[in-house]
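Input: a single structure, listed below in structure tokens.
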Amino acid sequence: MPFLEVRQLKKSFGSLPVLEDVSFTVERGDVIAVIGASGSGKSTLLRCLIDLETVDGGWVTIDGEPLISDGSYPDPRARRALLGRMGMVFQSFNLFPHMTVAQNLIRPYEMTTPGARDGQEKCRRLLDKVGLLDKAEVYPSKLSGGQKQRVAIARALMKSPEIMLFDEPTSALDPLLTGEVLAIMRQLAEERMTMLVVTHEMSFARDAATRVLFMKDGTIAEEGTPEEIFTAPKNPETAAFLGSVPR
Amino acid sequence: MDLSYIITTFLRVGAGLGTTLKLFFITILASLPLGFLITMMTRCAVPPLRWLARCFVYLMRSTPLVLQLLFLYFGLPFLPVVGVYFSTMGRFTATVWGFVLNYAAYFAEIFRGGLLAVDPGQYEAAKVLGLTRRQTILRIVAPQMLRVAMPSISNETITLVKDTSLMFTLAVPEVLQFAKSAVSSTGKTFPFVVAGIIYLLMNLVITWLLKVLEKRFDY
Ligand SMILES: Nc1ncnc2c1ncn2[C@@H]1O[C@H](COP(=O)(O)OP(=O)(O)OP(=O)(O)O)[C@@H](O)[C@H]1O
Ligand SMILES: [Mg+2]
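Protein chains in written order, with my numbering: chain F, 4 to 250; chain Z, -10 to 208.
What follows is the structure, given as structure tokens:
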């Protein structure tokens, strides 16, 4: 059974259809790169999966349990429980500016996990993992973009999610700083974290992803291994897109 | 003018300080949370609640506080049906209601501006981390809103210290009232100077306190 199963997902904003019949599956340990032109619906897809947008139709199943079933959602408790197993990292970091780095990790964790005692310890371990243990007591305003994104990744990992969604995690960064964030993501991939990554970093899609989804006008126009997509795309649209982006 | 005259005048005018401070503290403590509640109401999904909150803010900000005080004390008892419940309301109580409602409206408007400054991404981050709506508002949004709103809140607080003298309207004995009666009975204007000094001192302390508070929001 796949870990995440998306079937015939539909979403429109007013009269603008943004997702049309999107279907795909994600196995545990998969790293899926989602690529495609601006406006093709990549962010919307991720946002629908983590309940930031309400879909118009379709099915989403996580580990066998329905998050969306024929366009309707389960009761709030079941919904919350499923969402608790997912983490998301945004393009614009969205760290809480009034909390220190450590508080950004610990406070949300303690708010959502009443009675948890391991917040401090987990926080130290994760900050160490992203190489920012020395910044624990610093406010986000004092960090570089790359450091902010690494904190955001650590924060998302606090609740030990089983799948991580990344929406263009390096697009807001100075090109010199994308490497440090991609390195962390590569490390997560090596640890077999299940990941769904919307990215314009073709090098990451090519060598860190297990599969690549190419989106075009709200549909998945092509899907395959990086090898298939990058060296022998079947869909001329894929080839055209890849020809238009820097590699 | 000898020292004992100065001291007696300070004591005489200062007798109103208790009432003045009482009004100040009740107003601040009640109108800040009430103002926040009204701000939340102006953004709530239920249209009638939204309209009610907006009308309230408009009404309170567009009419003079003195008029509101006069209406609360002299006008309410004449309302049909509910009027009787207000006929026993004391002058000080009426003043407190007027101040709390009026200042809540001003604070609501300040908070509204502060909320606009909070990045929508903050709500989304809170949601994907699993925070409830309540936690998001109280722990994520409110602190950021307060930082933006702090200078305006400080301003209103200092205005409130001076506005307490509007209790004069309903003849509640406070600092200005005592000064006025001292001036009438002695024929000297020095008690007014004393009243001025008392307001200056109060604001000196409050300005300092607000500075300390503003520092806490510095991140
Ligand atoms: N909240 C919204 N209201 C209305 N239209 C929206 C909204 N969000 C997205 N859209 C529209 O939906 C379409 C898909 O947007 P989406 O953000 O999913 O694209 P994307 O593939 O992530 O693009 P990019 O690479 O630029 O991030 C676009 O045409 C966009 O204008
Ligand atoms: Mg996008």
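All residues carry an ideal CB built from backbone N, CA and C; glycine is no exception.
Would you mind telling me which residues of chain Z sit closer than 7 Å to residue i, beta carbon to beta carbon, in chain order?
i	result
residue 53 (chain F)	117
residue 100 (chain F)	133 and 208
Let me make sure I understand the geometry here. Which of the options has the alpha-carbon closest to that of residue i?
i	options	result
residue 211 (chain F)	F:218, F:217, F:224 and F:229	F:229
residue -2 (chain Z)	Z:165, Z:196 and Z:85	Z:165
residue 4 (chain F)	F:21, F:27, F:187 and F:20	F:27
residue 194 (chain Z)	Z:85, Z:65, Z:147 and Z:47	Z:147
residue 9 (chain F)	F:15, F:51, F:34 and F:38	F:51
residue 198 (chain Z)	Z:179, Z:140, Z:109 and Z:186	Z:140
residue 86 (chain F)	F:76, F:94 and F:95	F:76
residue 13 (chain F)	F:49, F:118 and F:101	F:49
residue 54 (chain Z)	Z:151, Z:178, Z:208 and Z:174	Z:151
residue 112 (chain Z)	F:165, F:218, F:84 and F:55	F:55
residue 35 (chain F)	F:238, F:174 and F:217	F:217
residue 117 (chain F)	Z:71, Z:120 and Z:12	Z:120
residue 22 (chain Z)	Z:51, Z:108, Z:78 and Z:95	Z:95
residue 50 (chain Z)	Z:189, Z:134 and Z:98	Z:98
residue 188 (chain Z)	Z:2, Z:56, Z:29 and Z:-7	Z:2
residue -4 (chain Z)	Z:191, Z:12, Z:196 and Z:183	Z:183
residue 213 (chain F)	F:151, F:108 and F:231	F:231
residue 132 (chain Z)	Z:39, Z:40 and Z:203	Z:203
residue 61 (chain F)	F:22, F:238, F:173 and F:225	F:22
residue 65 (chain F)	F:29, F:95, F:226 and F:151	F:29
residue 106 (chain F)	F:19, F:141, F:242 and F:182	F:141
residue 84 (chain F)	F:53, F:132, F:137 and F:208	F:53
Ordered along the chain, which non-local residues of its own chain (more than five positions away) have a Cβ less than 7 Å from that of residue i?
i	result
residue 32 (chain F)	195 and 197
residue 159 (chain Z)	58, 62, 80, 83 and 84
residue 76 (chain Z)	66
residue 110 (chain F)	102
residue 114 (chain F)	none
residue 147 (chain F)	180
Return the chain-ordered list of same chain residues with a C-beta closer than 6 Å to the C-beta of residue i, the five sequence neighbours on each side being excluded.
i	result
residue 35 (chain Z)	none
residue 127 (chain F)	none
residue 92 (chain Z)	16 and 20
residue 169 (chain F)	92 and 200
residue 137 (chain Z)	103 and 106
Look at the alpha carbon of residue i and the alpha carbon of residue j, and state the distance between them as a whole number of angstroms.
i	j	result
residue 134 (chain F)	residue 236 (chain F)	38 Å
residue 201 (chain Z)	residue 155 (chain Z)	28 Å
residue 157 (chain Z)	residue 8 (chain Z)	12 Å
residue 192 (chain F)	residue 205 (chain F)	16 Å
residue 240 (chain F)	residue 69 (chain F)	33 Å
residue 6 (chain Z)	residue 171 (chain Z)	15 Å
residue 160 (chain F)	residue 130 (chain F)	10 Å
residue 245 (chain F)	residue 178 (chain F)	20 Å
residue 202 (chain F)	residue 43 (chain Z)	44 Å
residue 33 (chain Z)	residue 174 (chain Z)	55 Å
residue 248 (chain F)	residue 38 (chain F)	11 Å
residue 156 (chain F)	residue 92 (chain F)	6 Å
residue 71 (chain Z)	residue 48 (chain Z)	20 Å
residue 24 (chain F)	residue 16 (chain F)	15 Å
residue 208 (chain Z)	residue 123 (chain Z)	23 Å
residue 41 (chain F)	residue 223 (chain F)	14 Å
residue 171 (chain F)	residue 43 (chain F)	14 Å
residue 108 (chain Z)	residue 4 (chain Z)	48 Å
residue 14 (chain Z)	residue 125 (chain F)	43 Å
residue 120 (chain F)	residue 100 (chain F)	24 Å
Can you name the residues of chain F whose CB is closer than 8 Å to the CB of residue i?
i	result
residue 136 (chain Z)	101
Just the chain F side, please: which residues come within less than 7 Å of residue i by C-beta, in chain order?
i	result
residue 129 (chain Z)	99
residue 124 (chain Z)	114
In chain F, which residues lie with their C-beta within 9 Å of the C-beta of residue i?
i	result
residue 120 (chain Z)	111, 114 and 115
In chain Z, which residues lie less than 8 Å from residue i when you measure between Cβ atoms?
i	result
residue 93 (chain F)	110, 113 and 114
residue 162 (chain F)	118 and 119
Residue i touches chain Z at which residues, Cβ-Cβ below 9 Å?
i	result
residue 144 (chain F)	208
Cβ-heavy atom distance between residue i and ligand 3 below 7 Å?
i	result
residue 39 (chain F)	Absence of ligand 3 is noted for the structure shown, with ligand 1 and ligand 2 being the only ligands found.
Among residues of its own chain, excluding the 5 on either side of residue i, which ones have a beta-carbon nearer than 8 Å to its beta-carbon?
i	result
residue 126 (chain Z)	29
residue 90 (chain F)	159, 160, 162, 164, 166, 167 and 168
residue 220 (chain F)	23, 43 and 44
residue 116 (chain Z)	125
residue 89 (chain Z)	15, 16, 19, 20 and 23
residue 139 (chain F)	103, 104, 105, 126, 127 and 130
Practice item. Would you list, in chain order, the members of the stretch 107 to 119 of chain F that have their beta-carbon closer than 9 Å to a beta-carbon of chain Z? Key: 110, 111, 112, 114, 115 and 116
Exercise for review: Residues of the stretch 69 to 91 of chain F with a CB closer than 9 Å to any CB of chain Z: list them in chain order, please.
Suggested key: 83, 86, 87, 89, 90 and 91
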